[in-house]
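Shown next, in structure tokens, is the structure this report addresses.
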Amino acid sequence: MLRRKDLYQVALVTMIVKVIVLIIIGVAALKLPSCDICYVENFVHTFQIDRPVLRSYQTWDAQLYLEVAQYWYRPDHQSIVFYPLFPLLIKLVTPLAFGNAFVAGMLVSAVASVTAMIVLFALVEKLHSREIAWRTVLILLAFPTAFYFHLIYSEGLFLLIVCVGFLAVVKRQRALAVAAHLLMPLTRLQGMMVGGAHIMSAVFTRKQWRDSLLAAAAAFSGFGIYLLFMWVTTGSPFAAFTLQGSHYKNYSVSTLFHPLDWARNNILYFQPGSIVGFTYQLVNRAFFWLFLVLLPLVYYRVRRDLFWFTLILGGVTILSGNLVSWPRYMLTLFPLFIPLAYFLKTRIRLVSWCIATVSLQIFFLMLHSQNYWFA
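In this note's numbering, the protein residues as written are 118 to 492.
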């Protein structure tokens, strides 16, 4: 039985973690050297405030989200590869933040991530138990890249919409399920792939197949809305894909048809470069192997639609690019953390795991905030 007290406590824990993350960023900005060359090489949005501390809160993709929120979509601008729902919310909240898009972005991210953890808890508690739900949330918040939930990134929003969508399917709240699945592709391309997960679930499980097919239809319709939106704003429904193909050559759907080349480039060989680059490649591959280890456990522990969600979104995301951003993309594959919650069933296991992962998170956070590392 879901207790309101648990939801309040989940929100409180998430907000405490958020405050700690923001404090660490501020300390890192004041005490650690910044990679100014890395900062300049990345896109810098037009109204960037040139103060080192504020720079550390507006890293990498956050710059592009803020640019879209201020200037909206422009043909051939690199920001059009980012999906519209997150920057639209920032744009809508900006007047409430006294015209400051940065503050609006932090507010949208905060509300989305806190609410996402609440809905995730409710979903896991519904399907498993209160204890497993608590462990799942704690393990996710402690994950080495979970600090992205607290920055101007779309991870929190996408996780929220996905959890709302699946919880609505479980409860057979069809109107809410349709609404959530319509919004998924407007947040990320992976939102359309959720439709594929529901189709696989309907075909192989046949449990709640009508609800699964309805959710799939909504996800595909949401992608159609996205294409229409891009056509209206940029003049081409495929403008983002065209730009991504020419500017971000490591990410392409065509890579799916060359799995051997992908394996050679991402598993067997290392790209030449500095020892730092070599280390990053090792880190990214470690997260990839963690995904492979957890995937069969997901099959054993969770509903089939959640397994297909993890397999399809994880598999397509990996095989359509490289592993550079994979440690961050894992955050929204929440079923991965449920078997971990079962495995870390004793307090000593859970505490030991969280100490290790939180230590890594602090390390990665400091590097990221000073523009030395991104995922």
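Ideal placement from N, C-alpha and C gives every residue a C-beta, glycine not left out.
| query | result |
| --- | --- |
| Kindly confirm or deny that the segment 307–319 and the segment 417–431 touch, where touching means at least three C-beta pairs closer than 8 Å. | yes |
| With C-beta atoms as the reference, is residue 304 less than 9 Å away from residue 275? | yes |
| Nearest to residue 446 by alpha carbon, out of 431, 454, 459 and 137? | 431 |
| Determine the extent of the alpha helix (DSSP H) in which residue 348 is found, giving its start and end residues. | 326–351 |
| What span of residues does the alpha helix (DSSP H) with residue 220 cover, start to end? | 218–244 |
| Identify whether residue 193 lies in helix, strand or coil by the three-state DSSP scheme. | coil |
| Applying the criterion that 16 or more other CB atoms from any shown protein chain within 10 Å of the CB defines a buried residue, is residue 177 buried or exposed? | buried |
| Considering only their Cβ atoms, is the gap separating residue 444 from residue 400 smaller than 9 Å? | yes |
| Would you identify the three-state DSSP class for residue 462, choosing helix, strand or coil? | coil |
| Work out the CA separation of residue 426 and residue 441 for me, nearest whole Å. | 21 Å |
| What's the call for residue 312, buried or exposed, on a 16-neighbour Cβ count within 10 Å? | buried |
| Could you round the C-beta distance between residue 142 and residue 174 to whole angstroms and report it? I think they count as a contact, below 8 Å. | 6 Å |
| According to the Cβ coordinates, are residue 182 and residue 246 closer than 9 Å? | no |
| Starting from residue 317, trace the alpha helix (DSSP H) in both directions and tell me its first and last residue. | 307–321 |
| Going by Cα to Cα distance, which pick from 350, 477 and 230 is closest to residue 136? | 230 |
| When burial is assigned at 16 or more other CB atoms within 10 Å of the CB, is residue 119 buried or exposed? | exposed |
| In angstroms with no decimal places, state the Cα-to-Cα distance between residue 477 and residue 402. | 15 Å |
| Ends of the alpha helix (DSSP H) at residue 253? | 247–259 |
| In chain order, which continuous runs of the alpha helix (DSSP H) of length 4 or greater are located wholly inside the segment 413–490? | 421–436, 443–446, 454–460 and 464–486 |
| Using DSSP with H/G/I as helix, E/B as strand and the rest coil, what is residue 174? | coil |
| Between the Cα of residue 210 and those of 228, 336, 126 and 486, spot the shortest distance and give me the residue it belongs to. | 228 |
| Could you give the DSSP three-state label for residue 492: helix, strand or coil? | coil |
| Verify whether the separation of the beta carbon atoms of residue 299 and residue 198 is less than 9 Å. | no |
| Can you find the residues in the same chain that come closer than 7 Å, C-beta to C-beta, to residue 278, ignoring five residues on each side of it along the sequence? | 297, 300, 301 and 304 |
| Spatial neighbours of residue 219 within its chain, please: C-beta separation below 8 Å, excluding the five flanking residues on both sides. | 166, 171, 174, 175, 183 and 269 |
| Alpha carbons only, please: which of 406, 288, 462 and 482 is nearest the one belonging to residue 263? | 482 |
| What do you get for residue 429, buried or exposed, if any count of 16 or more other CB atoms within 10 angstroms of its CB means buried? | buried |
| Comparing alpha-carbon positions, which option in 289, 180, 204 and 294 lies nearest residue 282? | 294 |
| Using only the alpha-carbon positions, how far apart do residue 341 and residue 467 sit? | 43 Å |
| Please tell me whether residue 286 and residue 334 are closer than 9 Å, where the distance is taken between their beta carbons. | no |
| Skipping 5 residues on each side, what residues in its chain have a beta carbon closer than 6 Å to that of residue 138? | 264 and 267 |
| State yes or no: is the C-beta of residue 131 within less than 9 Å of the C-beta of residue 258? | yes |
| For residue 435 versus residue 405, is the C-beta distance shorter than 9 Å? | yes |
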